[in-house]
Each structure stands twice: as structure tokens, then as C-alpha cells.
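Single-structure report; data block below.
Protein chains: 4
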Amino acid sequence: MKRIEYFTRCAGEPAPLEKSVRRVVRFNEVDPMNIMWHGHYASFFEDARIALGDAYGIGYQDFYRHGFIIPVRRMQIDYLSPLQFGREYEIKARLFYTEAARLDYDFTVLDETGSVHARGCTVQLILDKEQNLLLAKPAFFEAFCQKWRGGKL
Amino acid sequence: MKRIEYFTRCAGEPAPLEKSVRRVVRFNEVDPMNIMWHGHYASFFEDARIALGDAYGIGYQDFYRHGFIIPVRRMQIDYLSPLQFGREYEIKARLFYTEAARLDYDFTVLDETGSVHARGCTVQLILDKEQNLLLAKPAFFEAFCQKWRGGKL
Amino acid sequence: MKRIEYFTRCAGEPAPLEKSVRRVVRFNEVDPMNIMWHGHYASFFEDARIALGDAYGIGYQDFYRHGFIIPVRRMQIDYLSPLQFGREYEIKARLFYTEAARLDYDFTVLDETGSVHARGCTVQLILDKEQNLLLAKPAFFEAFCQKWRGGKL
Amino acid sequence: MKRIEYFTRCAGEPAPLEKSVRRVVRFNEVDPMNIMWHGHYASFFEDARIALGDAYGIGYQDFYRHGFIIPVRRMQIDYLSPLQFGREYEIKARLFYTEAARLDYDFTVLDETGSVHARGCTVQLILDKEQNLLLAKPAFFEAFCQKWRGGKL
Chain A
262 MKRIEYFTRC AGEPAPLEKS VRRVVRFNEV DPMNIMWHGH YASFFEDARI
312 ALGDAYGIGY QDFYRHGFII PVRRMQIDYL SPLQFGREYE IKARLFYTEA
362 ARLDYDFTVL DETGSVHARG CTVQLILDKE QNLLLAKPAF FEAFCQKWRG
412 GKL
Chain B
262 MKRIEYFTRC AGEPAPLEKS VRRVVRFNEV DPMNIMWHGH YASFFEDARI
312 ALGDAYGIGY QDFYRHGFII PVRRMQIDYL SPLQFGREYE IKARLFYTEA
362 ARLDYDFTVL DETGSVHARG CTVQLILDKE QNLLLAKPAF FEAFCQKWRG
412 GKL
Chain C
262 MKRIEYFTRC AGEPAPLEKS VRRVVRFNEV DPMNIMWHGH YASFFEDARI
312 ALGDAYGIGY QDFYRHGFII PVRRMQIDYL SPLQFGREYE IKARLFYTEA
362 ARLDYDFTVL DETGSVHARG CTVQLILDKE QNLLLAKPAF FEAFCQKWRG
412 GKL
Chain D
262 MKRIEYFTRC AGEPAPLEKS VRRVVRFNEV DPMNIMWHGH YASFFEDARI
312 ALGDAYGIGY QDFYRHGFII PVRRMQIDYL SPLQFGREYE IKARLFYTEA
362 ARLDYDFTVL DETGSVHARG CTVQLILDKE QNLLLAKPAF FEAFCQKWRG
412 GKL
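Chains as they are written, first to last, in the working numbering: chain A, 262 to 414; chain B, 262 to 414; chain C, 262 to 414; chain D, 262 to 414.
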């Protein structure tokens, strides 16, 4: 199966930011087919997305403090190989640089041998508290992106 | 197995209020033992508790509108016979009258033959928005209880 | 926002099969932003997919009885407008005809005014019980598809 | 609030076995009241129960390998103080010695200051694969209990 790329990176754009977390599949996450139910991957992705956001000060709560919410507008999940009860997996999130006022994340779920079990992505928009869609990045996030472009993170 | 009574009813107290809902066990609620996972009963009970609260205007959102929250302080579940994927069950909630400032619910989960699969109860306390525990019922709920005692619901 | 089409329909192929279910957003499905958490849509879609499969005898359990499993290989969700606690939504599933050995579903989540809150799709592959990917439809499903093509469902 | 004891320990019985795990409250576990939803505690308890069972070779999968299942027959939860999003808690499980053919666990959920947020218990019965209730412990578990009584674990 060929490598899936959810986002294209333009020339001159900085490399994506990365963060990994580890998570063990719970008994109640396993379905009658004895594999993790496909709906739980959203929570796996979210663990890694939140960890990256917290690590860089651009998480859901950081946006909220500045008066913005960042709802998920699209999610895609590609299931390559099932996850097993009791086994630990690495979930790697990458945040892609974009000029647009949004957050483009992709995700990879790997086992301890490095074998890839799933990939996916989420796209989040930025709204103010009156639910208006932002067309430009809010100031604190633009400042963050400038550092990122400048290689100063 | 003998009948479980979670709450005692004192002489002169009005009969409990009742409300039933129906719910089908979902694929993702079934665990690797092919029965509904024991942790999902809390949501089954909540469906019936919310339906009763809404029917009588004493639900979580009614309390909230009056400035109160009603967190669950205790829950007990007795699992008698497992629930199966795809099958529909009746969940019956009963709210017991009490002089105390709290909400005492019990629950019964039955199949279409009337066979009982689970019983349980929740006890909810009443807090104001500063998280202070109420020792007396708030006025709107006391008024409701008076009607209940008077047989005027 | 323009209409999203997840699957293309070739000339001469029969119309998709349709089935709708209704579902109320539960208290425990709502997140701290006071809207249904984005991960729960997988369960909403599954309700409609299972209802359609059961209605036509081509559900997960029907495949299983014939010796096959039908894991989800891809899921995409487009979130257009959030879902609110206590409100009922219609979830419409459509199964698209395809010559390939797979199940292509799309989904629409609507409120009672007909306004669309979300769209999405799932693609399921067909495996035998030794986890081998089927390249052709199993006999019982091919027979079903013939009737479908012939307008005899 | 006084200390809750779910199980009584008879003279001469060995001390309970203990095991703790740590867990962070997820975004999707938080309800509209901004605290962890009361139904998720079952999963918190299960994390600690599974960790203890695995540590001692008497977990759900160990019983299963010997031909037995150990369904939860009763669960009780006492909610003392809510759990907050993003905060890490310790969940301590204790398995109590009993002559009966069952598993008596109690649980304590604490924050990093040692403050107790919840207590609870589960009682599990032992069934064979024809769903017959065991009145005596299965041999492998009786052997384990002998070591436990003898202080040889």
C-alpha cells in the first residue's frame, strides 16, 4: 500500500511539527470482532493532537483563552491493520504549516516494531466566540507561525 | 435471586414516579465476551433518568436553569443477565419521594418477555453554582414535591 | 458549501439503496464545547449502516454467517454544523453499487428542518476468516447485487 | 465523609493485593458540566483491575485460558469530588481475599496531593463456558489463593 499524503507542503514552508504519545488498547475499546472498534481512532488521534498542542502552547485551551474555538471540520481515517486488546501503540501527530487560518494535522499509529496500523488527518477551522469563521490567523497564532517559519521554535 | 430494594419508602409517602425508554444494544457497546460491556449501563440508566426528568420538568437542565447542578453522588448496578447486540431492552426509571434534598432513582432493565437483566440506582445531590451542597430542596423543586405529595402531578 | 460526492456512479449502475434512522444526542456524547464530540459521529453512521444492512440481509452478521468479515478500511467525516444535546437528528445511509468487492456507504446527518449538519462515508473491504482479502464478491452478495442491478430488490 | 469499606476482612485472612495505575482525563470524557462524566469511572476502575490481574496472572485472559469467564455481578461507585480534564489521577485497586468463588475488588481514585475523589467496588462471579456458576474456585485460582494465604506471592 503506498504512502498516503493528506497535505501538500509548498516550497519554502517549514517542516511539520511532531509529537508522539503511547496508548494501550482497553478491553472496552475492543469490538465483537476482537479488534479495536473503528470509531475509537478519533480518540487516539486526539491524544496525540492534544499533546502536540500543549507542547507548543497552541492547544484547544490556548485558543480558548484567546477567545477562539477550533472545531474539527474534517476527519479522515485509513485503517490498515487492526489494533489488539492490551497492546501498546505509538500515535504520532504532525502539524503542517499552512498560510490558511486552520490547523492541518496528520496521524500515524504504529506498533512497537514500527509497522503502521493506521493513518489519518484532521482539519480544524478557527471560529471566534460568536461562531464567526476567521479568514486570517489570530494574532497569537500568527506570531507562533512566524517563529515556526523562522526556525525559532 | 430475590428482589433488590435500593430505597425504603416511608408510610404516607407518595408512590415513585415512573418512566420507561427503549434502547437497542449497539455493535460498539458489545465487548470481546460478546455481551454489552458493564460500563455502558450508566448510559442506559441515564437515558431513562433524563426521560423522566424531562417528562416532569425536573431534569438536569431544569435544575440548571434555576441555578443548580445535580451531580451523581452514588451509583450501584446489579448485573443479573447480560445484554445482547442488536436486541432491544426497556429501561424503567423510578424516582422515589424523599424529604431530603436529593434525587433517588432506581432502574430496571428488562427484555421484551419481561425478564429482568439488571437493576441499579443513582443518588444525586443538589449543589448551587458555587458548589455548595443544598440541605433543603430549592423552591421550584419543593413546589413540585408538594404537588407530588398531594397527588396533583 | 458545495455538495460533497464521495463516490462516483457509473452509467447504467443502479441507484443507491437508502435507509434512515433517528437518534437523539445524549448528555455523555456532548463535549466541554457543548456540542457533540466529533468522535461520536462514527457511531451515528454505524446506526444507519447497520439498519440498512439488516433491512436488506447484507449486514455485518449476514456476512459473518457466510464466513466473511467486513472491516472498515476508510472513513471520512465532514462536519458542517454541530449537533446539540437532547435534539433528534436523522441519519441517512446510502449504499452505492460497485463492481468491486467492497461496500461503499455515504451518510448525511440532518435536523428536523432538513438542514444538513454532517456528511461522511465509509468503505468496507471483505475478508474471509483467515483474513484474506476477497477480490471478487462472495456468492450470496453477488446474487444480491444481481437482483439490485435487475431492479428486483 | 467517613471512610467507606465495601468488604469486610475476616480474622486470619491475608491482606488485600494492591496495584495502582495512572490516567489522564480525556477531552471526550468530560461532560457539559465540565467534569468527567460519571459513567466513565467504570473504565478507570477497569484499568486498575486489569493491571492487578495481569501482575498476578489472575486476569480476565488468564481465567479465559483456563475455561472460565468472570463477569461483573455488581458495581458501586461513590463520587466524592469531580475529575477535571487534562489532570492525571491515580487509580488504586485492591483485591480482597475471600473463601467464596468470586473476585472482590475495591478502588480509590486520588489526585497528586493524595486527596480522594472517588471510591468504588466490583464483585465478579466465575462461570464456566457453558455459563454455569462456579461454587468453588477453579484449581488454578485455588492454588493462587493458597500461596496468597501462605504469604508466598
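For each residue, glycine too, the CB sits at the ideal point set by N, CA and C.
Counting only runs that start and end inside the stretch 283-364 of chain D, the alpha helix (DSSP H) elements of at least 4 residues fall at 302-317 and 321-326. For residue 311 of chain B, the closest Cβ of chain C is nearer than 8 Å.
Secondary structure at residue 382 of chain D: strand, using DSSP grouped into helix, strand and coil. In the DSSP assignment, residue 367 of chain D is bridged to D:355 and D:382. Around residue 377 of chain C, the same chain offers 341, 342, 369, 370 and 371 as residues with beta carbons nearer than 8 Å, after the five sequence neighbours per side are excluded. Using a Cβ distance threshold of 8 Å, residue 393 of chain B and residue 293 of chain A do not count as a contacting pair. When only Cα atoms are considered, residue 353 of chain C and residue 300 of chain A end up about 18 Å apart. For residue 406 of chain D, the enclosing alpha helix (DSSP H) has its first and last residue at 400-410.
Contact between residue 356 of chain D and residue 313 of chain D holds: their C-beta atoms lie close to 6 Å from each other, under 8 Å.
Sequence-distant partners of residue 396 of chain D (beyond 5 residues in either direction) whose C-beta falls short of 8 Å from its own C-beta, in its chain, are 362. When only Cα atoms are considered, residue 303 of chain A and residue 345 of chain C end up about 19 Å apart.
Annotation: Cβ neighbours of residue 288 of chain C in chain B (cutoff 8 Å, chain order): 307, 311 and 321.
Beta-bridge pairing by DSSP links residue 278 of chain B to B:356. The C-beta of residue 364 of chain B has 16 or more other C-beta atoms within 10 Å across all chains shown, which makes the residue buried. Per DSSP, the beta-bridge partners of residue 388 of chain D are D:330 and D:394. Taking 8 Å as the upper bound on Cβ-Cβ separation, chain B lies near residues 330, 332, 333, 334, 335, 336, 337, 338, 339, 340 and 343 of the stretch 326-353 of chain D. Cβ-Cβ distances below 6 Å link residue 337 of chain C to 381 and 382 in the same chain, with the five nearest sequence neighbours on each side left out; the list follows chain order. A distance below 8 Å between beta-carbons, with the five flanking residues on each side excluded, links residue 390 of chain B to the following residues of its chain, in chain order: 328, 329 and 330.
At a Cβ-Cβ threshold of 8 Å, residue 307 of chain A and residue 288 of chain D count as neighbours. The beta carbon of residue 281 of chain D sits no closer than 8 Å to any beta carbon of chain A. Close CB contacts of residue 351 of chain C within its chain, under the 6 Å cut and outside five residues either way in sequence, are with 281, 283 and 371 (chain order). Taking every protein chain shown into account, the CB of residue 398 of chain A has 16 or more other CB atoms within 10 angstroms, so this residue is buried. The C-beta of residue 376 of chain A comes no closer than 8 Å to any C-beta of chain D. The beta carbon of residue 297 of chain D sits closer than 8 Å to those of 286, 290, 291, 343, 344, 345 and 346, all from its chain and outside the five residues before and after it, given in chain order. In this structure, the CA atom of residue 321 of chain D is about 7 Å from the CA atom of residue 311 of chain D. Taking CB atoms only, residue 300 of chain C has a neighbour in chain A less than 8 Å away. Scanning its chain for C-beta atoms nearer than 7 Å, with the 5 sequence neighbours on each side dropped, one finds around residue 379 of chain A the residues 302, 338, 339, 340, 341 and 370, in chain order.
The residues 280, in chain order, have a CB closer than 7 Å to that of residue 316 of chain A in the same chain once the five nearest residues on each side in sequence are set aside.
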